[in-house]
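Going by my numbering, the sequence shown wraps up at 538, each residue one higher than the last. C-beta atoms are modelled at their ideal positions from N, C-alpha and C, and glycine is treated no differently. Accompanying notes for the structure given below.
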Amino acid sequence: MRTMAFFFAAALGLGALAPAIAQTGTPQGPTPAPTPSQVTPAQTAAPTPAQAQAPTPTPAPGTASPATPDQGQPDAVDTTMAGEEITLAARPALSLKGDASWDSGFETLVKAFATLQAEAKKAGLAVDGRPEAFFIQTDDTNFKYEALLPLKSAAPAGTSLGAGVTAGETPAGKTVRFPNSGPYDDIDSVYEAISAYLDDKNITARSTGSFMEEYLTDPKDSADPALRMNVYVFIE
Numbered sequence: 303m304r305t306m307a308f309f310f311a312a313a314l315g316l317g318a319l320a321p322a323i324a325q326t327g328t329p330q331g332p333t334p335a336p337t338p339s340q341v342t343p344a345q346t347a348a349p350t351p352a353q354a355q356a357p358t359p360t361p362a363p364g365t366a367s368p369a370t371p372d373q374g375q376p377d378a379v380d381t382t383m384a385g386e387e388i389t390l391a392a393r394p395a396l397s398l399k400g401d402a403s404w405d406s407g408f409e410t411l412v413k414a415f416a417t418l419q420a421e422a423k424k425a426g427l428a429v430d431g432r433p434e435a436f437f438i439q440t441d442d443t444n445f446k447y448e449a450l451l452p453l454k455s456a457a458p459a460g461t462s463l464g465a466g467v468t469a470g471e472t473p474a475g476k477t478v479r480f481p482n483s484g485p486y487d488d489i490d491s492v493y494e495a496i497s498a499y500l501d502d503k504n505i506t507a508r509s510t511g512s513f514m515e516e517y518l519t520d521p522k523d524s525a526d527p528a529l530r531m532n533v534y535v536f537i538e
């Protein structure tokens with residue numbers, strides 16, 4: 303999870319700043335053509351046979367012409383994380399907010415979900431959905447999160463909750479949902495593919511609170527190849 307912050311920034315369009323900055327600087331005008339008096343004999347001499355270029359072979363019918371080295375080819379866009387646009391409605395939930403480093407993020411979220419499950423059981427609240435991690439704010443080393451456990455109905459007023467757990471609601475709004483299966487250790491590549499998809503489709507993520515993960519199987523081991531989850535990107 304160490305580089306997830308980079309992909310969050312890329313999905314928000316911040317990655318485009320680098321090329322723009324690289325193109326700034328002192329403008330250079332066009333180079334003037336040399337006058338006849340400035341042309342040296344070496345510049346006017348005809349090419350020798352060794353310098354002459356061999357004719358380009360004509361490809362056989364039905365075959366594609368090979369790309370020459372100076373022909374720029376567009377980078378392939380990974381759209382294997384094809385998304386589905388859906389609108390999420392707010393649902394009653396138990397909430398636990400906190401922060402963690404990217405290196406310990408998975409373990410921190412697993413503990414938060416265990417705390418929510420224990421508090422729901424202690425208060426006699428019926429769980430109705432899978433645990434979710436809503437990423438509130440991120441930087442290069444840390445992130446702020448809200449761990450959520452959806453409930454069948456809102457917790458009654460006066461319900462006793464401990465360990466920093468509160469009664470709240472799941473985030474709502476227009477999203478793009480990306481299903482994923484595989485170990486959480488590979489989550490960086492997942493967000494990289496999502497960022498490429500959003501860029502290819504010209505989809506803009508919200509500036510804050512843009513990403514949420516829904517764990518369809520219990521997250522226990524970050525190396526578990528059977529882990530299934532949905533990644534939701536909240537969009538403008």
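Which residue comes first and which comes last in the alpha helix (DSSP H) that contains residue i?
i, result
"THR443", "Neither: THR443 is in no alpha helix (DSSP H) and is coded neither H nor E."
"TYR517", "It is not in any alpha helix (DSSP H) - TYR517 instead sits in the beta strand (DSSP E) that spans 513-517."
"LYS424", "407-425"
Quickly, what does DSSP pair residue i with across the bridge? List them, please.
i, result
"GLU538", "Note: GLU538 sits in no beta bridge, so no partner."
"THR477", "ILE388 and PHE536"
"VAL429", "LEU453"
"ALA292", "This structure does not reach residue 292, given that the chain is present from 303 up to 538, and the question cannot be answered."
"ALA435", "ALA449 and GLU515"
If you follow the beta strand (DSSP E) that residue i is in, where does it begin and where does it stop?
i, result
"ASP401", "394-403"
"ALA384", "Unbroken run through ALA384: none, as it is neither H nor E."
In this structure, does DSSP put residue i in helix, strand or coil?
i, result
"GLY470", "strand"
"PRO521", "coil"
"LEU500", "helix"
"ALA459", "coil"
"SER491", "helix"
"PRO527", "coil"
Cα-Cα, which of the options is closest to residue i?
i, options, result
"ALA435", "ALA507, PRO521, ALA528 and ASP526", "PRO521"
"ILE252", "ALA392, GLU494, GLY484 and ALA474", "Outside the shown range of the chain, which is 303 to 538, sits residue 252, and nothing can be said about it."
"ASP490", "ALA428, GLY407, ALA414 and ALA469", "GLY407"
"VAL412", "ASP502, SER524, ALA428 and VAL533", "SER524"
"GLY416", "THR506, ILE388, LEU450 and TYR499", "Per the sequence shown, the amino acid found at residue 416 is Ala instead of Gly. The shortest C-alpha separation from ALA416 is found at LEU450."
"LEU453", "LEU427, LEU529, ARG530 and THR410", "LEU427"
"MET531", "TYR486, ILE388 and ALA507", "TYR486"
"GLU515", "PRO527, ASP526 and ASN482", "ASN482"
Would you say residue i reaches chain C, if we count a Cβ-Cβ gap shorter than 8 angstroms as a contact?
i, result
"THR468", "Any reference to chain C falls outside this structure, which holds one protein chain only."
Is the region 399-409 touching the region 439-451, taking contact as three or more C-beta pairs under 8 angstroms?
yes
- Meets three-Cβ-pair contact criterion under 8 angstroms: the region 508-528 and the region 424-439: yes
Quick check: the region 420-434 against the region 382-398, are there 3 or more CB pairs under 8 angstroms?
yes
Given 8 angstroms, three or more beta-carbon pairs between the region 459-468 and the region 476-490
no
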